[in-house]
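Structure first, commentary second.
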Amino acid sequence: MPGLQLRNIRKAFKGTEVLAGVDLDVAPREFIAFLGPSGSGKSTLLRIVAGLETSDEGEVILDDRRIDTLPPGDRGVAMVFQHYALYPHMTVRENMAFGLKNARVPRAEIDGLVTDAARTLEIEELLDRKPAQMSGGQRQRVAIGRAIVKKPRLFLLDEPLSNLDAALRLRTRVELAQLRQRVDAGVIMVTHDQAEAMTLADRIVVFNDRRIQQVAPPMEIYSRPANSFVARFVGSPAMTIIPARLADGGAFASVLLGNGTRLDTQVPTDGLPGSGAVEIGMRPEGVRVCGQGQGTTDAEVQLVERLGERSLVYARLDDGAAITAEDAGTTSAKVGDRVGLSIDGAAAHLFGPDGTGYHRAAA
Amino acid sequence: MTSAERRWQGLLFVAPFLLLYLLILIYPLLRGLWLSLYQVDLFGGGTFVGLANYARLAADPVFGQSLINTFLVTLMIVPLLTVVALALALALNRATRSAAILRGVFFSSAVLSVTIVTLIWRFILAPDAGLLGELWTALGREPLPFLSAPNLVLPALAMTTIWWSVGFPMLLFLAGLQQIPQDMYEAAALDRASKWTTFWRVTLPSLRRTTILVVMLQTAAQLQIFGQSQLLTAGGPSGASRTAVLFLFETAFGRWELGYASAAAEILFLIILAVTLTQYMLTGRVRAGEDGR
Amino acid sequence: MAASRSDDRLPPLVWAALLTAAALMVAPLVWTLLLSLKSNAELVGNSGAALGGPYTLENYGAIFGNSSTMRWLLNSAIVSLGTTAGVLVLASLAGYGFARLDFPFRRSLFVLVLLGLAIPSQAVILPQHQLFATLGLHNSYPGLILPGLIGPFGVFFMTQYMRAIPKELDEAAMLDGASRFTIFWRVILPLTIPAQSTLAVFTFLGSWNDYWWPLISATRSDMYTLTVGLAASQMNYAQTSGLGFLMAQAVFASIPIFIVYIIFQKQIVRAMAGAALK
Chain A
1 MPGLQLRNIR KAFKGTEVLA GVDLDVAPRE FIAFLGPSGS GKSTLLRIVA GLETSDEGEV
61 ILDDRRIDTL PPGDRGVAMV FQHYALYPHM TVRENMAFGL KNARVPRAEI DGLVTDAART
121 LEIEELLDRK PAQMSGGQRQ RVAIGRAIVK KPRLFLLDEP LSNLDAALRL RTRVELAQLR
181 QRVDAGVIMV THDQAEAMTL ADRIVVFNDR RIQQVAPPME IYSRPANSFV ARFVGSPAMT
241 IIPARLADGG AFASVLLGNG TRLDTQVPTD GLPGSGAVEI GMRPEGVRVC GQGQGTTDAE
301 VQLVERLGER SLVYARLDDG AAITAEDAGT TSAKVGDRVG LSIDGAAAHL FGPDGTGYHR
361 AAA
Chain B
1 MTSAERRWQG LLFVAPFLLL YLLILIYPLL RGLWLSLYQV DLFGGGTFVG LANYARLAAD
61 PVFGQSLINT FLVTLMIVPL LTVVALALAL ALNRATRSAA ILRGVFFSSA VLSVTIVTLI
121 WRFILAPDAG LLGELWTALG REPLPFLSAP NLVLPALAMT TIWWSVGFPM LLFLAGLQQI
181 PQDMYEAAAL DRASKWTTFW RVTLPSLRRT TILVVMLQTA AQLQIFGQSQ LLTAGGPSGA
241 SRTAVLFLFE TAFGRWELGY ASAAAEILFL IILAVTLTQY MLTGRVRAGE DGR
Chain C
1 MAASRSDDRL PPLVWAALLT AAALMVAPLV WTLLLSLKSN AELVGNSGAA LGGPYTLENY
61 GAIFGNSSTM RWLLNSAIVS LGTTAGVLVL ASLAGYGFAR LDFPFRRSLF VLVLLGLAIP
121 SQAVILPQHQ LFATLGLHNS YPGLILPGLI GPFGVFFMTQ YMRAIPKELD EAAMLDGASR
181 FTIFWRVILP LTIPAQSTLA VFTFLGSWND YWWPLISATR SDMYTLTVGL AASQMNYAQT
241 SGLGFLMAQA VFASIPIFIV YIIFQKQIVR AMAGAALK
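Protein chains in written order, with the working numbering: chain A, 1 to 363; chain B, 1 to 293; chain C, 1 to 278.
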């Protein structure tokens, strides 16, 4: 089977487990983002694929070849490091040629490959400079150039954009997207920036607490989070998740909020856990501010964040549950106001006692 | 290559140094300990004598005198050297051209070898042919017999040594002064601290580590004082300037009493070790060396 | 060197004290230089003659005609350069191993090396002397060089320096298919050139000025280094050609070291700053 397969990867550092048996299949030419908080194991997994760490158990298979027993340089992977890790004493040309020289590629061929890669990345005029004479964005390109010149079967990117300022990050993100169209290889990118993951990746792998929480395309991660961790972690501002009780209903579940408000969702009753206690999740765009008494329930405004085109209103229900709502940019809500909240039950998610997510039937 | 093989690779990098280190330093260290328990001379004939060599040392007035001389000369050198070096560093810690030149002047003697230093000072201190002698005579006085009067010979060694060694501690203090953050002085100025207060409350406390380093390094170095004594006075007159290392040298390479000399070497080693370990403890260097990574 | 308070002027009294101290510092050197420029005959019984002319270079001429002094210069050069090269190689290799690789007993071995900083050379001189006698290395260049290679300071210094280089560079090189030695040689070593030059200057100065080991190991005068040769000259002062010649030897022997000092002043100061930080 072509592509990358990870089979039951386990890793512990000095007795502390960081990866608890991870399995993952990556298709050829697929762009995968590893997303998760720090310490969730995503970087360790990337480094195991690269060969910079050894797994305690499990197999790494790339294009039908088991690579976890090979030294990093023989695995057919290339990596772009967080701080670029360009060799400071070498020119850009030498940086890009270093790996090819070690692989004993003939000199003439090296020159051709380096020139081609430099042209693709538009860094030809930088070839004789040293890293210290370049800007952060230029170094980033060289680091990518050093990776693609080796024509690897898999690119590994470790937080590639985290060292760039906001404007440059957006531009480089676009460039990365274009670049992947041109290379015939898969990409795995580690990031903790969800916007980066959402815009670039074909599929996102969400990590937490030593395990993969969900593997899915970006929109599915957003609209159908596998569990409450994913629901909270993806999306900004975070999804409101508050305790609720299942009420009697028909084919679709209805719940009672802590203050007694009844909400009809479109989550099928089938498959829901039997007991009554669940959590309900609402994205801010599914909760609108309206006049007092005119919405699903009333709440007191705690904080108003004006973002320009819209405002975020952080409010508290009578029972103390915090809930985030959206309003127009011109909102008149002020701290301490009592307002009505119109909750779109159809957009709500339910989470069982173990955190498992339940969503409306797929369209 | 398996990961187990890779794990041992690091040892290959340290092996060349380590093998020489073990052969030329650690083995002799242990061998010296062993030798000190034997009576050995040039013609072999090792007889185990236990601690007899140490007992003999304890009773040997020549060894005792050499230890006292060593401590005395160290005591004359280290405090004065430290204060002078600190004063020079304070005066020369500025970016002017003249300060740079003077720093060079005060460090210049430190790059000379002990033989050149003693050669120079022999012809300053010697009453008949020395610079000081000439000056004294010019002033119509009797030249002081620095190298032949028992009560003047140790101060003469100390003077020579201070002239020779003032450069390194001065540079250490200068480096220490450079480490003091400028904003501490600005804060002190805002608090209307006088120059004098600033010196006592900001500068001096910030130099604590450097001062310990200087004092301990110099103490360890001066306890091993040898060349000055051997070359200027050959330990004389009548042992008044014989230092511990000179005693060791004479016993080992003059009389070839190898076991006895080894015992003296061990005593010296213990003293130096105590000083060095004190320095490590006070400056936390062992910890600094051990953490890392 | 940036001064902390360059704006305020030194009080005149401090200036006077400084200049006096500087004069005391320089006087012996000037005195030596003057003595070396006088004919030996004039100095007999009257070294004060050095304070006035006539001055001559005849003593320096005599040095170049004196085969033993030139031989000692050659010995010193071979021993110092050999020691410096050896220390750089050994300390760099060991520093790389200790700083950037993990291997069994790494920590204990490093502590063992650190402990060496506390072992004075005098404490081990006898067994060292025996060892080199057994190996037949006395009165040879290897015999003079080898003990200079085991100083733990170089290893400690290179280890500290190499620790500060980002680990990502080794990893990038591993992914570039470089072997451990290639990483050391092509990636890490070129980045340590500042540390190498500092260590080189210190090792060279130390080796050139070393008196203790060559005094014991080199017993034949054709294997003396300049340091030991000068000691022999001054002890046999009565038999030598005279005071002026002796002083000319001293000046001659210090010329190489002053040249090194002047060229590498920056490294020396930087190393001091490092030592003060440790």
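C-beta: ideal position from N, C-alpha, C; glycine also. Small disclaimer: the values here were computed from a predicted structure and weren't measured.
Practice task
Name the two residues that bound the continuous alpha helix (DSSP H) containing residue 162 of chain B.
Solution key: 150–165
Practice task
Reducing DSSP to helix, strand and coil, say where residue 84 of chain A ends up.
Solution key: coil
Handout entry: DSSP bridge partner residues for residue 349 of chain A (one or two, in chain order)
Key = A:281
Problem - Residue-chain proximity (residue 77 of chain C, chain B), Cβ-Cβ < 8 Å - result: no
Practice task
Taking only beta-carbon positions, decide if residue 280 of chain C is within less than 8 Å of chain A.
Solution key: This structure leaves residue 280 of chain C out entirely; chain C is present only between 1 and 278.
Practice task
Ignore the nearest five residues each way along the sequence and tell me which others in residue 338 of chain A's own chain have a CB closer than 7 Å to its CB.
Solution key: 292, 298, 300
Problem - CB contact flag (residue 39 of chain B, residue 259 of chain B, <8 Å) - result: yes
Handout entry: Whole alpha helix (DSSP H) elements within the region 89–159 of chain B, 4-residue minimum
Key = 97–108, 114–125, 131–138
Handout entry: Proximity to residue 323 of chain A [Cα-Cα], best of A:66, A:17, A:46, A:242
Key = A:242
Practice task
Residues of the region 5–23 of chain B with a CB closer than 7 Å to any CB of chain C: list them in chain order, please.
Solution key: 7, 8, 9, 10, 11, 13, 14, 16, 17, 18, 20, 21
Practice task
Below 7 Å between beta carbons is the criterion; list the residues of the region 243–255 of chain B that meet it against any residue of chain C, in chain order.
Solution key: 245, 248, 252, 253
Handout entry: Contact set for residue 70 of chain A: own chain, Cβ-Cβ below 8 Å, skip 5 residues either direction
Key = 51
Problem - Sequence-distant residues of the same chain with beta carbon closer than 6 Å to residue 292 of chain B, five excluded per side - result: Since pLDDT at residue 292 of chain B reaches only 35, below the 50 mark, its modelled position is unreliable, and the value read off the structure follows with that caveat. Result list for residue 292 of chain B: empty, nothing under 6 Å.
Exercise for the section: Give the single residue among A:80, A:152, A:198 whose Cα lies nearest to the Cα of residue 186 of chain A. Expected result: A:152
Practice task
Identify every run of the beta strand (DSSP E) within the region 136–180 of chain C, keeping only runs that are complete inside it and at least 3 residues long; order them along the chain.
Solution key: none
Problem - Residues of the region 140–158 of chain B with Cβ closer than 8 Å to any Cβ of chain C, in chain order - result: none
Practice task
Provide the residue(s) that pair with residue 340 of chain A in DSSP beta bridges, ordered along the chain.
Solution key: A:290, A:298
Practice task
With DSSP collapsed to three states, give me the class of residue 101 of chain A.
Solution key: helix
Handout entry: Neighbourhood of residue 247 of chain C by C-beta distance below 6 Å, restricted to the same chain and skipping five residues each side
Key = 32, 35, 36
Exercise for the section: Could you spell out where the alpha helix (DSSP H) holding residue 124 of chain C opens and where it closes? Expected result: Here residue 124 of chain C belongs to no alpha helix (DSSP H), and DSSP marks it neither H nor E.
Exercise for the section: Could you give the DSSP three-state label for residue 101 of chain C: helix, strand or coil? Expected result: coil
Problem - Buried or exposed (CB count within 10 angstroms, at least 16 for buried), residue 236 of chain C - result: exposed
Exercise for the section: Measuring only between beta-carbons, confirm whether residue 190 of chain C sits less than 8 Å from chain A. Expected result: yes
Handout entry: 8 Å Cβ cutoff, residue 131 of chain A in contact with chain C
Key = no
Problem - Spatial distance of residue 279 of chain C from residue 201 of chain C (CA atoms) - result: Not covered by the structure: residue 279 of chain C. The range shown for chain C is 1 to 278.
Handout entry: residue 31 of chain C: contacting residues in chain B (beta-carbon distance under 8 Å)
Key = 120, 123, 124, 131
Practice task
May I ask you to list, following chain order, the residues of the region 39–62 of chain B that have a beta carbon less than 8 Å from some beta carbon of chain C?
Solution key: none
Handout entry: Three-state secondary structure (DSSP) of residue 44 of chain C
Key = coil
Problem - Helix, strand or coil at residue 359 of chain A according to DSSP, with G and I counted as helix - result: coil
Practice task
Look at the Cβ atom of residue 77 of chain B, then the Cβ atom of residue 158 of chain B, and state whether they are nearer than 8 Å.
Solution key: yes
Exercise for the section: Leaving out five residues on either side along the sequence, give the residues of the same chain with a beta carbon under 6 Å from the beta carbon of residue 347 of chain A. Expected result: 286
Handout entry: Inter-stretch contact (C-beta, 8 Å, three-pair minimum) for the region 106–114 of chain B and the region 202–212 of chain C
Key = yes
Exercise for the section: Mind listing the chain C neighbours of residue 224 of chain B? Cutoff is C-beta to C-beta under 7 Å, in chain order. Expected result: 120, 122
Problem - Which residues DSSP lists as bridging residue 214 of chain A, in chain order - result: A:206
Practice task
Could you check the C-alpha separation between residue 276 of chain A and residue 320 of chain A for me, to the nearest Å?
Solution key: 20 Å
Problem - Per-residue DSSP class, three states only, for residue 220 of chain C - result: coil
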